[in-house]
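Since the structure comes first, as structure tokens, the remarks are kept for the end.
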Amino acid sequence: MTARSEEAEALLTSGAEGGGQEGPAAGDLSVDERIAALLAENRALRAENATLQSTKNALLESEERYRRLFENDLTGDFVTATDGRIIACNPAFVRIFGFASVNEALDTSILDLYEDPGDRELLLLRLRQEGKIENQGRTRKRRDGTRIHVVENLVGRFDANGELIEIQAYTYDDSERKRVEDALRESMEWYRQALDNPLVGYAHCRIITDASGRAVDFVFLEVNGTFEAFSGRSREIVLNRRITETFDPVEVADLIATYGDVALTGRSVTFEYRMPSLEKWHEVTAFSTRPGYTTAFFTDITKRKLAENALRESEERFRAVLENSLDAAYRRNLQADRYDYMSPVIEQILGFTAEEMAAMNIAEVMDRIHPDDRPSVGAELSNAIASGQGLLVYRFRAKHGEYRWLEDHFTVICDPDGRPLYRGGIVRDVTGRKEAEEEIARVHRDLESAHREANLYLDILTHDIGNTENVSNLYAELLQDSLDGEAACYVASLKKSIGKSIEILGIVSKIRRIHAGPPDIRAIDLDAVIREEATHFPDLPLRYEEVRRQVLADDLLSEVFTNLIGNAVRHGGPGVEVFIRAEDGDDGFVRVTVADTGRGVPDTRKDEIFHRYEKKQRGVGEGLGLYLVGILIDRYGGRIWVEDRIPGRPEEGAAFFFLLREAKGGGTGGS
15 MTARSEEAEA LLTSGAEGGG QEGPAAGDLS VDERIAALLA ENRALRAENA
65 TLQSTKNALL ESEERYRRLF ENDLTGDFVT ATDGRIIACN PAFVRIFGFA
115 SVNEALDTSI LDLYEDPGDR ELLLLRLRQE GKIENQGRTR KRRDGTRIHV
165 VENLVGRFDA NGELIEIQAY TYDDSERKRV EDALRESMEW YRQALDNPLV
215 GYAHCRIITD ASGRAVDFVF LEVNGTFEAF SGRSREIVLN RRITETFDPV
265 EVADLIATYG DVALTGRSVT FEYRMPSLEK WHEVTAFSTR PGYTTAFFTD
315 ITKRKLAENA LRESEERFRA VLENSLDAAY RRNLQADRYD YMSPVIEQIL
365 GFTAEEMAAM NIAEVMDRIH PDDRPSVGAE LSNAIASGQG LLVYRFRAKH
415 GEYRWLEDHF TVICDPDGRP LYRGGIVRDV TGRKEAEEEI ARVHRDLESA
465 HREANLYLDI LTHDIGNTEN VSNLYAELLQ DSLDGEAACY VASLKKSIGK
515 SIEILGIVSK IRRIHAGPPD IRAIDLDAVI REEATHFPDL PLRYEEVRRQ
565 VLADDLLSEV FTNLIGNAVR HGGPGVEVFI RAEDGDDGFV RVTVADTGRG
615 VPDTRKDEIF HRYEKKQRGV GEGLGLYLVG ILIDRYGGRI WVEDRIPGRP
665 EEGAAFFFLL REAKGGGTGG S
């Protein structure tokens, strides 16, 4: 109530209490004056009330405008508490983040829309420090979990103590702009990489035409570093200059025509171009983004072209080899049942032309194979599907009716499911070889027959003649006891010759036994063999260092020591001494030494002493014993040689060395 209304009320009250009498408070005012004052006050009250109503209406209208603005705003407006509760939001916020309604959004926390909830604390810290955050781009989550990019503006509201109590914000979906921006950035990055690519040259050109509109030149507007490397021309030399100013016009004439066609028609092309002055080949892709201009990317394909040319030359040489070879190469398409390729030489082999062979199906081919060979051919073809390769040898009936022997080396190519697709190979005419093999087989049969016959003669020599010589030796001994003088000397010589003959027959018998079949190699006690052989020479000064070794040999090992010791006795002269020693050799061998103090072996004879019998550099029976020793050591997988007993002094005796393989853990054999 205003002051004036309070005064009017007092006047009225005082008039009523006085019963029409003027009271002391009324002063000298009459009733009319008091009524006039009341009416004036009433008018003032009405005016003031009208002003208040107008202000109220304006406020309501403002609030309605704000409400419509909040609800119809295209940006997502929202208010949150510091703990993340959504206090208020508009429909745009609901739409942006995929809520079903405003009420659903108000039942959630803004933290549910953060890709990383930890970002919330950083945001609150900035608001407390700065009061607001403007145009901040962020990644947020929609209600269904999909990511969107938004731009946010946030203002903090603080209490009287400066404490942050709520955040007012608006946001809008920036995903499409961000996508376009990222795509543009990627496109620019691709463009930058394309220009900086060390393997791809780049050139952007403006085409120059003559009065008739025909391209006669072009100007380089832009090139990259790779262009400089490929062309050998720097940017400073080529930019804004015609190509005919930096390259031979004749060399680039076709390039100008092609670039011109691209620039004037808009057609894109990819082609190969050779620059003789650069000794290079390039693969060029040219296109036009606007009439009169051409952009080109090109790569250096010189190595590839050289390889292709080399491959083409190689293929031509290979084809020449195939077509001039005496062997026929072929490839048979197993699905189409025909030959894809057959060398022309097949006509020389079988009388059929390559075309006639190509027309034969598998049934016709098999019909020409000799009936006796068809089963093996069919079986080998079936097996080759699994193994991928095979070898056929069969007789094929040629065009004029005669059978030719063919040898077919082939491979089979299958698809991933194992189905055979192709068979390719080389066919060779081996008729002459087969005939030679048959002749060799016949000769071999003849040799076997001759070998049996020779063995029969050897049996007669070693058995029947040996028995005869033993009888002759017996009679010689009887004659020697009954004769004196010169006759006795003759009988002694006769007896010596008979003994030599018996010895030769014995060695021949042993050599025959060696060649008759494989040896019965086993572990032999080397010490037992040496001691046994020493007993056969009781009057010989023989020194032997005991050895405990098992070696791989057979029961003829004793012949090695018999012949080496006997050789020393025969050729060593009076008082000869013999030394035998065995020691570890290299790589699992035992090294055996048989040395004597005899006349030794001259250096000129050391290499051939074991082969004198073969070379016939001998007297009757000479060298046969050492020949036997040599083939026995070879039979055992060892080696034998002779040296001076005292190096450099051959006249003081010889030393025979031989190697025998050591038996590891073998049993002791007989000697």
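Heads up: the sequence shown begins at 15 in the working numbering, then just goes up one per residue.
Positions of the beta carbon are idealized from the N, C-alpha and C atoms, including for glycine.
How far does the alpha helix (DSSP H) with residue i in it extend, from its first residue to its last?
i	result
Asn254	Element bounds for Asn254: n/a, residue is neither H nor E.
Met10	Because the chain in this structure spans residues 15 to 685, residue 10 falls outside the shown range and cannot be described.
Ile538	Counting along the chain, Ile538 falls outside any alpha helix (DSSP H), though it belongs to the beta strand (DSSP E) covering Arg536 to Asp539.
Leu395	Arg388 to Ser401
Ala119	Val116 to Leu120
Please state whether DSSP places residue i in a helix, a strand or coil.
i	result
Ser201	helix
Ser463	helix
Ala412	coil
Asp268	helix
His550	coil
Gly98	coil
Phe671	strand
Glu293	coil
Ala372	helix
Glu236	strand
Glu676	strand
Glu129	coil
Glu665	helix
Thr89	coil
Gly246	coil
Val43	The amino acid at residue 43 is misidentified as Val; the sequence shows Leu. Coil.
Ser123	strand
Looking at residue i: is its Cβ nearer than 7 Å to the Cβ of residue j?
i	j	result
Val164	Asp126	no
Gly132	Phe107	no
Leu646	Gly599	no
Val565	Ile544	no
Gly446	His414	no
Phe234	Val214	no
Gly151	Ile124	no
Asp341	Arg228	no
Arg411	Arg382	yes
Asn167	Glu148	yes
Gly112	Asp158	yes
Gly540	Arg563	The sequence shown places Leu at residue 540, not Gly. Yes.
Glu591	Pro555	yes
Met371	Tyr353	yes
Tyr273	Thr308	yes
Glu676	Val604	yes
Pro664	Pro588	no
What does a CB cutoff of less than 7 Å around residue i pick up in its chain, not counting 5 residues either side in sequence?
i	result
His585	Gly612 and Arg613
Asp314	Phe244, Lys294 and His296
Met380	Arg388
His384	Tyr408, Arg409 and Tyr417
Val561	Leu540, Asp541 and Ala596
Among the residues of its own chain, which have a CB less than 8 Å from the CB of residue i, if the five just before and after it don't count?
i	result
Ile399	Val426, Cys428, Gly432 and Pro434
Arg255	Val233 and Phe234
Leu120	Ile100, Ile101, Ala102 and Cys103
Lys629	Summary for Lys629: the model assigns pLDDT 46, below 50, so the residue's position carries little reliability; its value from the coordinates is reported in the next sentence. Around Lys629: Glu622.
Ser339	Ser357 and Val359
Tyr690	An answer regarding residue 690 cannot be provided, because it is not within the stretch 15 to 685 covered by the chain.
I'd like the span of the beta strand (DSSP E) that includes residue i, first residue to last.
i	result
Pro434	Pro434 to Asp443
Glu144	Not the beta strand (DSSP E): Glu144 falls in the alpha helix (DSSP H), residues Asp133 to Glu144.
Val108	Val108 -> not in any beta strand (DSSP E); alpha helix (DSSP H) instead, spanning Pro105 to Phe111.
Leu420	Tyr417 to Cys428
Arg557	Leu556 to Tyr558
Val565	Gln564 to Ala567
Please work out which residues of its chain come closer than 6 Å, Cβ to Cβ, to residue i, disregarding the five sequence neighbours upstream and downstream, and give them in chain order.
i	result
Thr258	Asp231
Phe670	Leu578, Val608 and Val656
Arg288	Trp295
Pro533	Asp568 and Arg649
Val266	Ile257
Thr284	Thr299
For residue i, would you say it is in contact with chain D, using Cβ-to-Cβ distances shorter than 7 Å as the test?
i	result
Leu540	Among the chains of the structure shown, chain D does not appear; only one protein chain is present.
| message | If we require 3 or more residues per run, which beta strand (DSSP E) segments fall completely within the stretch 302-369? | response | 307-314, 342-347 and 352-356
| message | Quick check on the DSSP output: what are the complete beta strand (DSSP E) runs of length 3 or more inside the stretch 149-230, in order along the chain? | response | 161-172, 178-187 and 215-223
| In the stretch 573-657, which residue ranges form an unbroken alpha helix (DSSP H) of at least 4 residues, counting only runs that do not cross its ends? | 626-629 and 638-649
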